[in-house]
Amino acid sequence: SDHMENIYGYLMKYTNLVTGWQYRFFVLNNDAGLLEYFVNEQSRHLKPRGTLQLAGAVISPSDEDSHTFTVNAASGEQYKLRATDAKERQHWVSRLQICTQHHTEAIGKNNPPLKSRSFSLASQGSANSPGVQRRPSQNAVSFFNVGHHRLPAGKRVPIMQPDHLVDVREMMSQAEGQQRDLIRSIECLPVSGHLTSLDQDLLMLKATSMATMNCLNDCFHILQLQHASQQKGSLPAGTTISWLEPKISLANHFKNGAAQNFPAEINKPASVREEQSIAEPCELTREPEEINPDEELEDICDDKEDDLGAVEEQRSIILHLLSQLKLGMDLTRVVLPTFILEKRSLLEMYADFMSHPDLFIAITNGTTPEERMIRFVEYYLTSFHEGRKGAIAKKPYNPIIGETFHCSWRMPKSDVAADGSSNFPAHSPSEEVNLSKDVEGQAELDYYTVKFVAEQVSHHPPVSGFYAECVERKMCVNAHVWTKSKFLGMSIGVTMVGEGILSLLEHGEEYTFSLPCAYARSILTVPWVELGGKVNINCAKTGYSASINFHTKPFYGGKLHRVTGEVKQNATNTVVCRVQGEWNSVLEFTYSNGETKYVDLTKLTVTRKRVRPLEKQGPFESRRLWQHVTESLRDGDIDKATEHKRALEERQRNEERLRAETETPWCTKYFLKDGDGWVYHKPLWKTVSAAQTQQTDTN
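Structure representation (structure tokens):
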């Protein structure tokens, strides 16, 4: 390619917090696929101060400014670089991306990691010296001597011989033995004194050594598959190379290597035996239940999740769990320790996103399509703050299949923002009478009612459906969410796969929207929540759309919880509103007329939801279903909470097994499958359509 020329020049490189940014002379070696740097141009003839292999690397311009970019090598090493201006950054980024793509594709075409690379375990000390000293700059690639070798023309790289794999297996066996000795030595230490078996550094060493050996075993398995494919010419049919399942069962939780002992069945509390003996859900009534909002009482629960005590006390369990996880592992089937749980179900968490019903109802009061889209964006961005309970990242209960949650909000009509130009009624008296039976008798009420229902419609994959409506204002929202959790090292990522639709029936408008990803960061210290990703809101009828970016914090500098977005008129590509700020603090909205509005989320009034008392709830409603787990967590009795949680999960597995044996399909209660999504069985748009049809027939 004409663009594959070698380029060189000065760039600033971020070294560390102490040294900061330093000028270094960089050389892009296209032939070798290397990015090298030197102290200055005069030392170019010397050995490079640093080298990155670009095959498999990711080149990313930074959002911080127009000058910075990062080079993330496949080895995990990263260079954070800064050019003098945006034009120079673009020049470097484009050339690096071309070189990276060229060498990555070359590896893929030749199908080696083994043909173009040589793997050898360097002897970094005697077999009796497990604590090999390494320079801080020495990464995993240099430690294992993984590198590209340029050979004279005509010579071929020899295929790895079987005895090489035998040598690797023998060295790994030695390492496994040393790792077992290390674990045994740690666990034999006393539990009190100067150096104990619960020392945080030793627990970290124990966890990371186990994780390292698991990863090495996976890599060795991949090498064996590749060697077999070279012998046969291709992989056997159906064979895939992927991360393996954990070698150590995650079914039980451990304390410093010892399994918890649960009481025998005869000693279990009556509540646990009751949880295990509830009949098969399909044998219960699966008919939709109409919840009377008058039976619901204002919620008095206020379980803020700011207590770090349990996390601190159970650090050894976290370390043991981390030692068995791998990067990218799906956590859907991993049983997590009870002490990291919030005191609410995921279904109730979705309800808490509706804690500002005044902003929700006010959407339909907008007099123009532009105003309604902006109001929806304002409501959307204010919903996440209250959805989180406290500053510490804890995980809601995983809903069991068939679990439901019901609640409602009452909003005084005087507290809902009206339109900016007139006070026209929401609908005519005739519409009020004929809308539905739900509205009869409410004409004289001075408040609006927003009703909410959620149901866990699938267990594998875990999919939740939720629906909310305000009948008086003819508006409703229907959504389904599949939560996909992955282990990312020192954090956990949750992707919210699915879609929601807000229907404003007075205007005949539908707004489709998605949800951002969530991350639990710093899971070994003080875990905290971060949102990330791009979401879109669209209204096909009006041609307005919104694009919202939840920014994750950069590794160096930057603000936490930053969000930016803009509302556009698609036909003219005109931006009518911009928003920036923090999704849990202050948001700034700038409108096309030059006006600016600030919203302090910490000062917004939270309307408490209304929930039926436990004694009136069904056995599969969230609060009644999880009540013993919640009570035990409130009392600080982690063992008892774990026991109740385990009983619920065991019952769910037994029910699933029975359905499989009898080939009985699961029957949902409130939501119906609709293509790839789920729709509430009695959505408001059907009710309104039926009422309008009835009114037409009467006339």
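In our numbering, each residue's number is its place in the sequence shown (first place is 1) plus 1110. Glycine included, every Cβ here is placed at the ideal spot set by N, Cα and C.
Return the first residue and the last residue of the beta strand (DSSP E) that residue i is part of.
i, result
"Lys1644", "1638 to 1649"
"Glu1081", "Outside the displayed range of the chain (1111 to 1809) lies residue 1081, so it cannot be described from this structure."
"His1569", "That residue, His1569, is in no beta strand (DSSP E); it is neither H nor E in DSSP."
"Tyr1507", "1505 to 1507"
"Gly1787", "1787 to 1790"
"Ser1518", "1514 to 1522"
"Pro1171", "1168 to 1171"
"Gly1160", "1160 to 1163"
"Gln1152", "Run containing Gln1152: none; DSSP gives neither H nor E here."
"Phe1135", "1131 to 1139"
"Asp1784", "1781 to 1784"
"Lys1719", "Counting along the chain, Lys1719 falls outside any beta strand (DSSP E), and DSSP gives it neither H nor E."
"Lys1726", "Lys1726 -> no beta strand (DSSP E), and no H or E assigned at all."
Could you compute how far the alpha carbon of residue i sits from the alpha carbon of residue j?
i, j, result
"Val1181", "Lys1190", "7 Å"
"Glu1488", "Ala1142", "51 Å"
"Ala1656", "His1304", "59 Å"
"Ala1232", "Ser1283", "Note that Ala1232 scores a pLDDT of 33, beneath 50, so its modelled location is shaky and nothing firm can be said."
"Cys1777", "Glu1215", "48 Å"
"Ser1695", "Tyr1460", "20 Å"
"Val1137", "Gln1200", "16 Å"
"Ala1369", "Arg1763", "Residue placement at Ala1369 is flagged as unreliable, the pLDDT there being 37, under the threshold of 50; the coordinate-derived value follows with that caveat. For Ala1369 and Arg1763, the distance between alpha carbons rounds to 21 Å."
"Ala1472", "Gly1642", "27 Å"
"Phe1576", "Glu1565", "6 Å"
"Gln1152", "Leu1326", "41 Å"
"Glu1725", "Ala1317", "45 Å"
"Glu1731", "Glu1406", "14 Å"
"Asp1309", "Arg1290", "18 Å"
"Tyr1118", "Phe1135", "7 Å"
"Cys1517", "Gly1728", "13 Å"
"Ile1510", "Asn1648", "32 Å"
"Met1521", "Pro1300", "60 Å"
"Met1464", "Trp1519", "9 Å"
"Phe1486", "Leu1469", "8 Å"
"Gly1476", "Ser1204", "45 Å"
"Leu1275", "Asn1140", "32 Å"
"Ala1454", "Thr1622", "In the sequence as presented, Ala is not what sits at residue 1454; that position holds Arg. Their backbone Cα atoms lie some 27 Å apart in a straight line."
"Gly1367", "Cys1627", "Low confidence applies here, because Gly1367 scores a pLDDT of 36, under 50, leaving its location unreliable; read the following figure in that light. One C-alpha to the other measures close to 33 Å."
"His1671", "Gln1288", "43 Å"
"Arg1720", "Gln1737", "17 Å"
"Arg1192", "Pro1171", "10 Å"
"Asn1659", "Leu1615", "28 Å"
"Val1739", "Arg1722", "19 Å"
"Ala1578", "Lys1669", "34 Å"
Thinking C-alpha only, which one of the options is nearest residue i?
i, options, result
"Tyr1558", "Ser1568, Thr1700, Asp1525", "Asp1525"
"Thr1210", "Met1483, Trp1202, Ala1167", "Ala1167"
"Cys1580", "Val1591, Val1587, Val1560, Cys1411", "Val1560"
"Thr1178", "Lys1123, Met1281, Ser1799", "Lys1123"
"Leu1206", "Asn1116, Arg1159, Leu1156", "Asn1116"
"Ser1493", "Ala1196, Ala1770, Val1709, Gly1746", "Val1709"
"Trp1693", "Ser1702, Thr1772, Glu1496, Glu1620", "Glu1496"
"Leu1612", "Arg1631, Asn1588, Ser1595", "Asn1588"
"Trp1131", "Thr1194, Gly1186, Pro1158", "Thr1194"
"Glu1452", "Ile1748, Gly1785, Thr1684", "Ile1748"
"Gly1653", "Val1673, Thr1684, Thr1662", "Thr1684"
"Val1689", "Ile1410, Glu1198, Asn1680, Thr1706", "Thr1706"
"Asn1126", "Ala1184, Leu1782, Thr1772, Gln1188", "Gln1188"
"Ala1184", "Leu1144, Lys1792, Leu1121, Arg1159", "Leu1144"
Taking the alpha helix (DSSP H) that residue i falls in, what are its first and last residues?
i, result
"Glu1766", "1748 to 1772"
"Asn1737", "Note on residue identity: the sequence assigns Gln, not Asn, to residue 1737. First-last of the alpha helix (DSSP H) with Gln1737: 1737 to 1744."
"Pro1467", "1467 to 1472"
Is it right to say residue i is buried, meaning 16 or more other beta carbons lie within 10 angstroms of its own, or is it exposed?
i, result
"Tyr1629", "buried"
"Cys1586", "buried"
"Ser1295", "exposed"
"Asn1508", "buried"
"Asn1324", "buried"
"Asp1556", "exposed"
"Ser1799", "exposed"
"Glu1753", "buried"
"Arg1631", "buried"
"Lys1750", "buried"
Along the chain, which unbroken stretches of the beta strand (DSSP E) at least 3 residues long are found entirely within the segment 1573 to 1641?
As far as the segment 1573 to 1641 is concerned, its whole beta strand (DSSP E) runs of at least 3 residues are 1573 to 1580, 1585 to 1597, 1602 to 1614, 1619 to 1623, 1627 to 1631.
Alpha helix (DSSP H) runs contained entirely in the segment 1656 to 1714, provided each spans 4 or more residues:
None, since the segment 1656 to 1714 contains no complete alpha helix (DSSP H) of that length.
Mind listing, in chain order, the continuous beta strand (DSSP E) runs of no fewer than 3 residues lying wholly within the segment 1188 to 1219?
Counting only unbroken stretches of 3 or more residues, the beta strand (DSSP E) elements lying wholly within the segment 1188 to 1219 are 1188 to 1192, in sequence order.
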